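Residue numbering for the sequence shown follows my numbering, beginning at 723 and increasing consecutively. C-beta atoms are modelled at their ideal positions from N, C-alpha and C, and glycine is treated no differently. Owing to the predicted nature of the structure, the values given are computational and were not obtained by experimental measurement. Please read the structure below before turning to the comments.
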Amino acid sequence: MPRPFLIVVLASIVSVQTCATVKAADDHPTALQLFQQGTKLYQQKDLLGAKTTLMRVDPVQLSKQERVTLYEMIQDIGHKTSAGDDPASLLAHGHKQAQAKRPAQALRFYKAVLRHGQATPEQKSQASSGAAAAKRQLNAELTRARRSLDEATTDIQAGQYQQAYQKLTAIKHSRLDLGWFDNKRLDRQLKTAQNHLGLGGGGEHEAGTPSDDMASTTNGHSTDASAPASQSASVDEDILARARQLRAQEHLAEGRKAQMSGQSHLAARHFEEALRMDPDSEQAQQGLTQATASVVDSRPQGLLDNELAKLSIRAQAAVAEFKERMNKARQLERQRNYTAALEAVQQSKIVIDQNQTILPAADYNDYRDQAVQFAKELNNLRIQEEARVRRDAEIIRTGEAQKNKLRAEEQREQEVNELLHRAHALRREQKYDRALELLSQALFLDANNIAAQLMKETVEDAKIFVDVNNAMRNRNVKFAEVSLDLLRASTPFQELMAYPNDWPQITSRRLSSQKEDFGESEINRRVAAQLDQPIKNVEFENAKLSQVLEFLQTQTAQNFFFNWAQLEAVGIDRDFPISLQLREVPAELILRLVLQQASADSPLDPLGFSIIEGIVTVSTQRDLTRTTDRQVYDIRDLLVEVGSFGDAPQFDLGAALSNTSTGGGGGAQGVAQASGELFDDDVEGAGDGRSRGELIEAIMNLIRDTVGRPDEWVQYGGDVSSIQELNGNFIVKSTPQNHREIATLLTKLREARAMQIAVEARFLLVDSNFLEDIGVDFDVQYTGLSNKWGPLRFAQDSISVANPVNTGLPGSFGVGIGGSGLGTFINGSGFASTGRAMDLNVSFLDDFQVNLMIRATQSTKRSISLTAPRITFFNGQRAFVVVARQVTFVSDLEPVSNTGGFDPTLSIVNAGAVLDVEGTISADRRYVTLTVRPSLASVVNIREIPQVALTDEAVFQDDDQDNNQPEQRLTTAFIEAPELELTQAAATVSVPDRGTLLMGGQRLMADVEIESGVPVLSRIPYLNRFFTNRSHVKDERSLLILIKPTILIQGELEEDHFPGMMQDPGSFTIGRAY
């Protein structure tokens, strides 16, 4: 038999056997009807309806081809509806695949959950855990598969093709993606094993190429990107499993049928397909083993027969691949993907060309012509499609351009109208600037819009009108604010120190800026504050040093660093015993005590700690000094020396008369040069009289001597710390611990200066005056006697004897010496004003004349006078306050020759109150020691004393002779002698804070009672009222000098006004209005 004919016959037989199918079971009308209905819905793109209908079909009642179509439609619907899958369903399918020992499929489901936009964090967490487990299992399977591939390669090299074929088939059916290189090696080795076993040259295609494997994966599980979604949400897993089992049973039945008919090659391929659909089928595995063994046993014994069989199988594979690619090209043609279809046709031509030598010439030409002709048709269709697409695109472009133009015009008009509406609304709200901006935008879009132009002019006019009104109102408001400020400034207040209402905000800003510019960092301050917190109970008995330090770290919840290398270098190990029992002690003190105990054996290099960048570092002192930084400290407030003012003016006439001014009737120069002037420039030395440089050096020495160890400072020969001064600032380079001590020292120095004393002196003068005066003057005269007798008179003058006497105390109702308590009574001329409460005068004029005069007065007067000067000064300072009136007077006169005048000498006398005080606060800040010199003076009277002087005065005569001679004349002038009432006291006392001390004073009392009358007659009842006169004067005066000091400590005053502000100034102002 010719060879080509044999090849054609064999190829025909194999083709017919490959295409044979098993008849399906008897059709069930209901299933077929559902299948047709679902197919129709699928073709109408009703995927949800098709899915619902096809899921009701029983695949057992359909034919083989119908089941295949059913399976493919369900898979395709799953692909197209995968976007809306439920992440919970995907997660459940992943768990199910993981339980079925299918890590690759489970991994796809988990990845889909992780990519799903609606997955919850808990679902993503479960998916991430499941994916990790699946990857571990998959990696293990990949490792086993690659090891099995290496073993199969070794078996092929050893000629054990049957064992190699079984291993390679098992790897292929596992559907594991070994990577491009290992997949190619698997295909090559499988092809080699099939060729040697006589299974044909199409082993790669028949056993399943990577693309075929991916295709089958698509049929069963979809691609890596969309398979989990389509499997989970669109296809019921049970239906798919049943479909795969049915397909596997079909291939299994076909394989058994081929095996019974002696077609071992065909049986082997069916068994392989059955294993691809159901890898766990033991029947398929056994059938494949038997069919492979039958192929090996029944392969041709002759060399020619073997080669013919191989060529026949290769020819069948080539034709099958050609048809497959052509079918794919037709599918792509129906999808109008002509480029991909041409590519598929080109691939089909390549397949035919590569197998030209093993195909019959007629078949080759026929297949070749089909491909060429189909390629031409596809090319024409592609050209037509491209032309149609270009036409459609041009039409669409033109239409879109017209639409865009109309849309742009409509949008511009709409934007202009919207801008006009918004501008109109802003105009009503008087937001003219924003309205003008919108109108400018509208005119930019449409420059010819009349409405926008008119509205813009209107808005501009309205804006100018409103601006003018606002300017007028602002001016009036400013005038009112100035008046209000003057009114507020005239309001007195009684507080010794008043803080502004926004003081918390000012404090927060200033302290925050101070912390940023000076001092340590915020994190170090927080750690230091935490270390200041007390620990309730600390009990250690021979505990290890490491345990004690870890206990402190736990209690404070701060970061600790223990430099054990440095500690061990000085002989201190972790097991050093520590014994300590304390309660309610700050953690910092406990740490110092622990380190002090641990340093007992190394006095030369003791242990210490420092807060560095928020970390409590425990090491040796020498090691801690290696960490230094620079800080700037402002000390200008500490350089201000408090002056002592000891030149308070004196209230005495001696000082006034010792400082005089002469010439021109006195002048301002004489007043200014008086020693009693209010503001003398002579101030006692401030502090101890040290200069600014000496103060700076003293503070620097204080810091060097009290902070750290003296040998650390460069000025003392050290190399760790240094301090320099520039413009009142200290630039200090030192360790963090030393910086904290410097800040603490400067704070204490400021606190010591931040104390003031407010002293109030009270001059309290209480006067009480009493007068009672009752007097009767009865005179009788008879003139009717004979000439031998003169007038008979009866008169008494006891009323003048009983006049009230002035006691000499201020305010006394009595009359002075030589004075009269009753005005002069002139007969017949009425009564003069007497100043009495009641005056009664009666006269009877006849031969018997009677004169009766009665006076009666009772007066009481009480007065209180308070003079209370106040002054506030620094602790330890001497200061004074003067509230006085200076009075000039002529203290001396000097005659001036040839003028007839005098050259006066003027002096100054002060009247008022002076409080000269020096105070010191006690160490416990409870008492104040005061040296007080209060003075109170008032000018009672200025008496004029006449002075007579003999002066020479030239006399000019009218004749022509020169006989003008000087003439002496007497000239009278007056000098003035002031009278002062002076109260002074000087003492050193100790007074409690806010207490009141009676420093001094005086009490005066005068009581004068006078009774005058006629003897005997003044004792007769009833009649004695005409012959007796009485007066009673009683005066009292009490002078009290009271001193009240008040200690002013800035911290206490801030706490009184704003409780809790200094604890957290930043948050104190939150929610408060000032």
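One Cα belongs to A1202, the other to L1209, and the distance between them is close to 10 Å. At a Cβ-Cβ threshold of 8 Å, I1667 and P1700 do not count as neighbours. By the Cβ neighbour-count rule, W1511 is exposed, with fewer than 16 other Cβ atoms within 10 Å of its own.
If you draw a straight line from the Cα of Q981 to the Cα of A1006, it comes to about 12 Å. Under the 10 Å beta carbon count, N1491 is surrounded by 16 or more other beta carbons and is classified as buried.
Between R1577 and M1560, the CB-CB gap stays under 8 Å. With a cutoff of 8 Å on beta-carbon distance, L900 and A867 are scored as near each other.
In the same chain as R1156, and ignoring 5 residues on each side of it, the C-beta atoms closer than 6 Å to its own belong to L1148, in chain order. In this structure, A1320 sits near I1294, with a CB-CB distance shorter than 8 Å.
Rounded to whole angstroms, E1055 and V1067 show a C-alpha spacing of 11 Å. The beta carbon of L1704 sits closer than 6 Å to the beta carbons of F1373 and A1659 from its chain, once the five residues preceding and following it are set aside; these are given in chain order. Contact between the segment 1209–1225 and the segment 1278–1293 is absent, with fewer than three C-beta pairs closer than 8 Å.
Taking a cut-off of 8 Å on C-beta distances, the segment 1757–1764 touches the segment 1718–1728, as three or more cross pairs fall below it.
Bounds of any beta strand (DSSP E) do not take in D877; it lies within the alpha helix (DSSP H) bounded by P843 to Q879.
For a cut-off of 8 Å, the C-beta gap from Q1459 to S1332 is around 4 Å, short enough to register as a contact. Distance check between A915 and each of S896, T1627 and T876 places T876 closest, using alpha-carbon atoms only. Around the beta carbon of V1454, 16 or more other beta carbons sit within 10 angstroms, so the residue counts as buried. Note on F1611: 16 or more other CB atoms within 10 angstroms of its CB, so buried under the neighbour-count rule. When C-beta atoms of the segment 1304–1313 are compared with those of the segment 1242–1259, three or more pairs fall below 8 Å, so the two segments count as touching. In this structure, the CA atom of E1108 is about 43 Å from the CA atom of V1138.
Residue burial annotation: I1421 is buried, with at least 16 other C-beta atoms found within 10 angstroms of its C-beta. According to the DSSP assignment, Q1478 belongs to no alpha helix (DSSP H) but to the beta strand (DSSP E) extending over M1477 to Y1504.
Here the C-alpha atom of N1126 lies approximately 59 Å from the C-alpha atom of K823. Rounded to the nearest whole angstrom, the C-alpha separation of G760 and Q879 is 53 Å. Its chain contains S1301 as the residues whose beta carbon lies nearer than 7 Å to that of E1263, once the 5 sequence neighbours on both sides are disregarded; these appear in chain order.
By the C-beta criterion, the segment 1461–1477 is judged not to be in contact with the segment 1565–1572, since fewer than 3 inter-stretch pairs fall below 8 Å. For T1339, the closest of E1159, V1249, S1366 and F1595 by C-alpha to C-alpha distance is V1249. According to the DSSP secondary-structure assignment, Q1706 is paired through a beta bridge with S1657. Annotated three-state conformation of N1525 is coil, per DSSP. Burial state of V779 is buried, judged by a 10 Å Cβ sphere holding 16 or more other Cβ atoms. In this structure, the CA atom of I799 is about 7 Å from the CA atom of K773.
When the Cα atoms are used, Q1669 and V1618 turn out to be separated by approximately 14 Å. Within the same chain, and ignoring the five residues on either side of S1587 in sequence, the residues whose Cβ sits closer than 6 Å to its Cβ are L1487.
Shown here, F1096 sits in a helix according to DSSP, grouped into three states.
When A862, R858 and A886 are compared, the shortest CA-CA separation from L871 is found for A886. According to DSSP, residue pairing for F1284 in a beta bridge involves V1340.
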